[in-house]
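Under this note's numbering, think of the first position of the sequence shown as 44, with each following residue one higher.
All C-beta atoms in this analysis are idealised placements derived from N, C-alpha and C, irrespective of residue type, glycine included.
Only a predicted model underlies this, so the values are computations on that prediction, with no experimental measurement involved.
Okay, structure first, notes after.
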Amino acid sequence: MNEQPRKAQEEAPSLDAYRRLIERLPVTIRPALNQQLSQWGTLFPYEQNRLSNFMKGAETFSPSALSALTAPLWALEMKMGVKHWNFSEANDTIENASQLARSEYYAEWRREVQRVFETVNAAARDSTPVQTASTRLILLFLPASLPVDPQSAWKEWDPRGHEIRISGDSRRVCELAMQGQPGLSGIVTLAGRQGSIESSDVWLIDAEAKLSGMLSPLSTNAASLLSYAALKPFRDKFLAELNKTPKDIQATDQIISNLRLESWEGWDLWPAEVAKLPRLRKFVIDLFLSGNGSLIFSNAFVEWAASEALRRARPPVMVIRFGMRSKPKPFTSIAIFENQQRVSSLPDVDDPENSAIDAAILARYVWLSASRYPEGEHTLCLCVSEHRDSAYVILPAGKSLAWSPERPIAPDELYRWLGAQLLS
């Protein structure tokens with residue numbers, strides 16, 4: 044029997060028990076939990092563990108204790124009139140969110156839901172062994188084609204960090220991260236030595252399909268690799284389908300649901316590194332449906348993909364490369380996500396200055412996303428501006444640089460230091 048079917052059979056009894064437990068919870072809590080269970084096979088390990096821990100936490104409550112915990116939320120749902128709504132218990136929908144937001148009790152409802160989840164999660168943590176935290180790594184690259192001004196680029200970053208200068212060609216840092224150097228492997232291999240055996244532990248996110256060309260073929264299957272440029276055939280098809288969405292909540296819910304359930308099995312639409320990975324394909328679909336410009340702007344895609352990967356997978360290692368975008372064309376409507384290549388015959392024109400501004404801001408947003416989570420305390424973040432051979436480094440709590448920030452550091456020396464931090 045293949046590994047995936049065997050695993051599914053082993054998990055089925057637990058998932059059935061989870062479904063029965065969800066039926067005992069207040070109605071407005073059920074959609075998110077049921078949706079995750081229905082998508083179990085495409086959840087990342089971190090998501091599966093988080094959902095399992097919540098369920099195990101709920102199981103620690105006796106029936107009477109669980110009823111007492113959720114009684115205020117049940118009572119609030121009665122006042123809101125939830126039983127009279129067209130409320131989906133199977134999935135989080137736009138209509139569900141709209142009905143909740145329109146209720147005069149919405150703020151109180153949010154507080155009650157948060158109280159229930161915090162109490163259940165606390166019970167789960169009490170029964171879960173504490174694991175030793177290891178150093179995590181986020182590498183961000185602003186390519187040489189982007190004229191980033193370090194004086195303004197680093198100004199708003201975390202004050203705990205240090206600006207450093209790189210002696211020599213700073214583009215070498217990205218190459219080393221992908222390929223390694225004599226005596227020290229590339230980042231993907233180093234992550235494996237740290238204990239990573241799951242592709243969602245290492246994410247490579249790129250605007251211009253440069254990282255895949257630097258990566259060793261043997262390492263491709265050991266990482267989640269996403270490239271905005273390589274996804275173009277799928278993006279064009281998906282954008283065309285999304286633009287059919289009418290301005291009606293119920294119809295939009297249905298179309299979005301259909302887009303999520305669509306198999307998208309046309310291998311010619313997907314780049315090779317995504318085509319045979321259902322979980323990663325599902326991630327891309329969810330990403331494009333969540334907005335934030337990721338369908339039409341390469342740097343928005345990079346930032347939002349990184350932020351969602353941090354939220355959903357909590358990877359120990361990320362390598363993120365921004366890139367050049369084209370100037371928005373006149374007489375097109377990026378606000379409704381039109382494909383500008385199709386609706387305008389004007390040639391694409393690079394926009395280096397504004398791409399540099401976007402990339403510098405969005406790189407910082409990636410760090411802000413990482414710092415929201417407990418793992419942020421153990422994360423080393425390095426953002427390299429190749430245009431000026433400059434970088435900004437933020438160290439994990441309690442750690443310090445091994446050299447003076449005033450001294451320029453060579454790419455090889457910087458990479459050896461990064462490798463030592465990852466393995467420490």
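- Restricting attention to 184, 129, 126 and 83, the CA atom closest to the CA of residue 409 is found in 184.
- Residue 455: member of the alpha helix (DSSP H) spanning 454-466, first to last residue.
- DSSP, read as helix, strand or coil, puts residue 444 in coil.
- For residue 435, the three-state secondary structure derived from DSSP is strand.
- When the alpha-carbon of residue 109 is set against those of 160, 121 and 148, the nearest one is in 160.
- Under the DSSP definition of a beta bridge, residue 361 partners with 181 and 246.
- In the displayed model, residue 85 falls within a helix according to three-state DSSP.
- When C-alpha distances from residue 124 are compared across 71, 93, 466 and 453, the shortest belongs to 71.
- Contact between the stretch 211-230 and the stretch 336-344 is absent: fewer than 3 CB-CB pairs across the two stretches fall below 8 Å.
- If you compare the alpha carbons of 168, 166 and 122 with that of residue 147, the shortest gap goes to 122.
- Along the stretch 179-232, the beta strand (DSSP E) occurs as fully enclosed runs of 3 or more residues at 179-185 and 205-208, listed in sequence order.
- According to DSSP, residue 393 shares a beta bridge with 369.
- Annotation: residue 89 to residue 126 spans about 33 Å, alpha carbon to alpha carbon.
- Given a length threshold of 4 residues, each whole run of the alpha helix (DSSP H) inside the stretch 56-117 is given here in chain order: 73-81 and 88-102.
- Distance check between residue 397 and each of 369, 211, 350 and 419 places 369 closest, using alpha-carbon atoms only.
- Of the other Cβ atoms in all chains shown, fewer than 16 fall within 10 Å of the Cβ of residue 194; this residue is therefore exposed.
- Segment contact: the stretch 206-217 against the stretch 410-429, three or more CB-CB distances shorter than 8 Å; contact assigned.
- With respect to residue 366, residue 249 sits close: the two C-beta atoms are nearer than 9 Å.
- With respect to residue 247, residue 317 sits apart: the two C-beta atoms are not nearer than 9 Å.
- Restricting attention to 114, 59, 180 and 402, the CA atom closest to the CA of residue 152 is found in 114.
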